[in-house]
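Taking it in order: structure first as C-alpha cells, then the write-up.
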Amino acid sequence: MMSSRRVLYLTLFFLSRFDLIKSSTANCPVEATILSCVAIDAVGLVQATKGNIRVFCTMAERFMECVKTKTRGCVGEEFVRGSLSELIELSQKCCVNKDEKMSEECPFFSRPQCFSLNDTAKTPNGDEISIENLKIGEKVLAIDHNDQIISTEVVAILHYEKNLPALFYTFTTDSGHQLSLTPEHLVYIGNQKYIQARYIDSNEHQLFIAGRNGQLKSSRILSIDVQIKRGYATPITQHGTLLVNNVSSSCYASIYHHSIGHLAMAPLRWAHQAKQIFGLINTSETNENGIHWYPKALNNLVHTNLSFTFFTKRTDKCDIKYYKDTLLRYGTTDLAFRTRVDVTNHMPYVVKVTTSIMVVGMSRSNRDEIDSELNRKPVTFTDETLPVISCKEIVQKDPVFCKCTSIKYKEREVQADIEEKPADDHVEIDISRFNKFLGRVEPIVSYYLDDNLERPNVLRHIKMRYTGDETAQELFTLSYPDILIDKEIQVTSLSWSANSSSIVVGYGSTSHEGLCMHKGAVCSWNIERYKINPNKPDITIETSTCVTTLACHPERPGIVAAGLYNGEILVWDFREQDSLIARILERQDLHRDSVTSLQWIREPKLSKKKFILVSTSQDGKILLWNPLPSKSNLKLTDAYFVAIKGGNSRSVGKPMGVTSVTFNNEDSETFIFGCDSGFLYKGSLNSVSSVQSREEGLADMSIHPKNPVTMAYQSHDSPIYSVRFSPFNRHLFLTSAHDGQLRLYSQLFANFGRCFAPAQGAIFTCRWSPSRPLVLAAGSEHGGTLIYDLEPHEGTPDSLLLSIPVQELPSSDKRSSINALEFNHKTPNILACGDSAGAVIIWKLAERFTAAQNDEIENLRILANSFGDS
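FYI, the numbering for the sequence shown is -23 to -1, 1 to 847, going by mature numbering (1 follows the signal peptide of the UniProt record, and there is no 0).
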C-alpha cells in the first residue's frame, strides 16, 4: 500500500500544475470549475490521502476528463489540453495498471529525494560545483560535530534523476542564500540538531551559513516556498553533511534522526574507503538515473524485519498538521462550497473548501486523538456530521426549499435597502450671488488677518496644560547577544529608518590600540511589529571591523549607510536579497582612519531633490559621495581637508581629526564641524581655498581636497563628540564634548551663548527634540540620558536651569554610558538610547517633552539673539 503522505504529494502536484487557473475571469470561472470537479469525487480524493492508490488513479482520470469537458468551450481546447498534458503524463507514470503498486518512474515513489540539481556545493579551493555534476570521490565542504567547516569526500550518490519532478521546500534567508530540499530532508538548525524541512518554522528556526572565518553563522529565514522542480540527487559524504549554496544541511532524508541515518550509511563509507585503498575510485564516471542498490535493500530490510517507527515517527493516523500546513500553501481563493458524504468508521466525515483552505477531514475518533496530540485548536473551520442528503431532491426537484435559508433572507433584506430612492447629488450654484457674498465678507476677514499678523504674540500668555504622567515609559530593551560575546563591543550609533518604523543599530568597540581586531554588526528591529523579539534582530549584517557610525536614508526605507573603523563606507538596501549595493572601490579615495560621522543631505549645487552622503574621519577629511551609483561604486563628488595651522612646527599641515558635522536646514552649503582637538569651525561647500599640506595620499585622490573653514568658534577643552543645528532656528547649534559640557552657539557669534554643566562625566552625544524647540537630550558617561527644557520658568535662575536636567533616563544596567541617542522624527515621543553595555532602550516620553507651547519658537529666537550680548 502506498504511503498516505506520498499520495498527498501527488494530489497537491495535480492541483498545483494548472496554468489555466490564471485565465479565470468572471465570464470564465476556471478556478471554480476545477474545484467543482474535485468536489464531484471528494470521496476518491480522501481515499487517496488514506493510501488507496487504485481509487486515486481512477479519480485522477475522472477529474481530468471533467476539467476537459467543463472548460473546453471557455478558454480554448488546445490551451486546456496543453495545460493537462503534464498531468496526463504523470498519471500514466504513477498509475500503472491501476494496481496497488506505483511505477518507479513516478516522482513520488519511495525514494530519498534530496537536493535540487540546480543547487551548488563548494570545493575546498572555493570553486562551486553543481549538485548535478557531483561525482563519487569529489572533495566538498561540510561541517563536523563542532560546527567547523571541513573538507569531506562524496562516497555515494544514492539516487539521481535528471528529469523527474519532485516537491521542494525552498528557504530564502536574510543573507540572500537559498536552499531547496524535499519535505522529509533533514536541515541543520544549530546545536547539533536537525529537523525535516517540512517542519521548519521561520519564526522559530534559523539556517546556518558558512562565514568567512570558517565558522557557521545563523541567518534568519525570510520566506518558505513550496515548488515543483525537475531533477534531484542524493549525495552522501564521509561526514554525512554538506554545504549546499553555502547553507549547512544533512545528507539524509525520510528519517527524523541524523545520527541514525549516518549510522545506517556506515557500510557505504567502509566500501568507499576500501575502494580508495585499491585505487578503484573513478571520478570521471557520469551519474546515471536510478536508485542505488543499498537504500533499496535497506528499505526492504526495515519494512520486513524492523518496526519502521524506529527510524521515523510515523503512526497509523494521518499527519493532520502536516496536511494542513501543506494544503494552506496550495489553497484556493474566493470560493466556498461543501460536499456532503456518507459517514462510516472508515470514511471522512466532511470535505470542505473555504476561502484559501482545503481541509481533508478524518473520522471523528481519529480527529479527537490528533487534536489532543497536537494540543492546538482548529484553524478557521468547524466540523460537522451530516446525514446523507439527496442532492437531486434539494437542487433539482424542490428549488422552493431554498427560501428558508438565511442566505436568501439576507439577500432580500439587502435588496429592500437598495430600493430606497437615491439622493439628488446635483447642486446648482448661483455664481452672481456667490460673488456678491465674497465681496461682502472678504474685507472683514482680511482686516482681522492683517491685524493678527501685526500682533504675533496675541497668544503668548496662553499656556498649554499638560495632562497625564510626566515620567518616561520604557517600551523595549533591544540587544544582540551573539555580538556581545566580545565584552568590548558596545552600541556605537543609532538611526531611524525613513518610515520611522525600524531602529538600526551599529555595534563596535571604542577600545583600539592600532588595528581593529573586533567584528562589528548592523542590526535592525521593526518596533511596529505585532510581536518583537528584543534579542533577535529582524535583519543582521556582520562587518569585518567595528561599525563607528551609520545613517538611514531620509526618504528611502531600507537604505542604510555605515562607516567602519578601517575607513570603509558601505551602503545596504535591506529590501534586496543582495543587500550591499555600494562601497568605495577607488582605494585612493578611501578614508585613512576611522569614519566618525555620516549624514545625508540634499545635493546643494545640481539637484535639490537628490541626496548625497557626507562623511567625516579622523584623517581630517570631509568627503561628499554619490551613494546610489549604477555600478555599486561610491563615487567621490567633492573633498575637503582640515589641517593643523599653528603650534609645533612638526604638526603644521597634519590632519586635524573631524569628529562630527551638522548642516544648516535652510542653507545646505553651510555646515559646522567639531574636531578631536576641541576646535569648532564653520565650513562652506563653496570654499575654493587650497590646502597647504604634505599629508600622504592627498595628491593621489581623484578630487583634490579644499580647505572648508570660514569661521572659528570658541573651542572646548577636549574632543568634541557631537554637533547639531537646531531644526527650528537657522543660527542656533548645540555641541557636546569630553569636558562634560553642553554648549549653545549662534553661528553669528564666535563665543558660546549658554553652557550646560551636568557634572556627569563626558557628554558623548546630543540631539534636539524634533517637536519641541526648547527641549534637548544628551547622552552622558555616568548619568544616563539627560533631558533639558529651556522654557523659562518664573523664579528659576538660568544657572540652575542649565545645570539640572528635568529628567534623567538610566542606561540598561544603571552604570553604562549612553553612546548614542535618536528621536523618532515621525513619532517624536519615542526616543532610542544605546549604551556601552550593548543595549538599546526605546523610551516613550511624557507629553510635556513632545507638545510645544505656542511661543516656543519665538522664545528660541530670543535666546539665540541674546548670545551677542554675552
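The beta-carbon is built from N, C-alpha and C at its ideal position, and this holds for glycine as well.
Just so it is clear, the structure is predicted and the values come from calculations on it, not from any experiment.
Comparing C-alpha distances from A274 to each of Y425, S699, P244 and N706 shows the shortest one belongs to P244. Of the other Cβ atoms in all chains shown, 16 or more fall within 10 Å of the Cβ of Q467; this residue is therefore buried.
Restricting attention to beta strand (DSSP E) runs no shorter than 3 residues, the region 724 to 812 encloses them at 731 to 733, 740 to 745, 752 to 757, 762 to 766, 784 to 786, 795 to 800 and 807 to 812, ordered along the chain. Separation of P458 and N512 (C-alpha to C-alpha, rounded to the nearest whole angstrom) is 7 Å. The C-beta separation of G208 from E115 comes to about 18 Å, leaving the pair out of contact by the 8 Å criterion.
In this structure A559 is buried. Its beta-carbon is surrounded by 16 or more other beta-carbon atoms within 10 angstroms. Across the set A210, T522, Q718 and K139, the C-alpha of Q718 shows the shortest separation from the C-alpha of L763. In the DSSP annotation of this structure, the continuous segment of the beta strand (DSSP E) that includes S574 starts and ends at V572 to R579. One Cα belongs to N223, the other to D124, and the distance between them is close to 14 Å. Judged by beta-carbon spacing, A755 lies within the 7 Å limit of S713, meaning their Cβ atoms are closer than that value. In summary, I254 is exposed, with fewer than 16 beta-carbon neighbours lying within 10 Å of its beta-carbon over all protein chains present. DSSP, reduced to helix, strand and coil, places A143 within a strand of the structure shown. Fewer than three pairs of CB atoms, one per stretch, sit closer than 8 Å, so the region 735 to 744 makes no contact with the region 822 to 833. Where E643 is concerned, there is no enclosing alpha helix (DSSP H), because DSSP gives it neither an H nor an E. Scanning its chain for C-beta atoms nearer than 8 Å, with the 5 sequence neighbours on each side dropped, one finds around N610 the residues A559, R560, I561, L562 and E563, in chain order. Spatial neighbours of V665 in its own chain (CB-CB distance under 7 Å, excluding positions within 5 residues in sequence) are listed in chain order as K683. Collapsing the DSSP output to three states places V619 in coil.
Within the same chain, and ignoring the five residues on either side of E833 in sequence, the residues whose Cβ sits closer than 6 Å to its Cβ are P750 and L751. A distance below 6 Å between beta-carbons, with the five flanking residues on each side excluded, links F640 to the following residues of its chain, in chain order: I578 and F648.
Below 8 Å, too few C-beta pairs join the region 128 to 143 and the region 190 to 201 to call them touching: fewer than three. Here R552 is exposed, its C-beta having fewer than 16 other C-beta atoms within 10 Å.
In the assembly as shown, T525 is a buried residue. Its beta-carbon has 16 or more other beta-carbons within 10 Å.
Linking M688 to S723 through their CA atoms gives a straight-line distance of about 12 Å.
DSSP, reduced to helix, strand and coil, places R246 within a helical segment of the structure shown.
At least 7 Å separates the beta-carbon of G634 from that of A620. Secondary structure note for G208: its beta strand (DSSP E) is the uninterrupted segment L193 to T214. For the set N642, R410, P632 and G103, the Cα lying nearest the Cα of R569 is the one of P632. Taking G761 as the centre and dropping the five residues before and after it, the same chain places the C-beta of E785, L786, P787, S788 and I795 closer than 7 Å to its C-beta, in chain order.
Bridge pairing for D550: I536 [DSSP]. The Cβ neighbour count for H693, taken over all protein chains shown within 10 Å, is at least 16; the residue is labelled buried. In the structure shown, T149 adopts extended strand secondary structure according to DSSP, grouped into three states. Taking C-beta separations shorter than 7 Å and ignoring five residues to either side along the sequence, the partners of A814 in its chain run S788, S789, D790 and S793, following chain order. In this chain, the alpha helix (DSSP H) harbouring N842 covers E833 to N842. Membership of S592 in the beta strand (DSSP E) is indicated by the continuous run F588 to S594. Relative to S226, the option among T218, E519 and V700 whose CA is nearest is T218. Note that the C-beta distance between C523 and C493 is below 7 Å.
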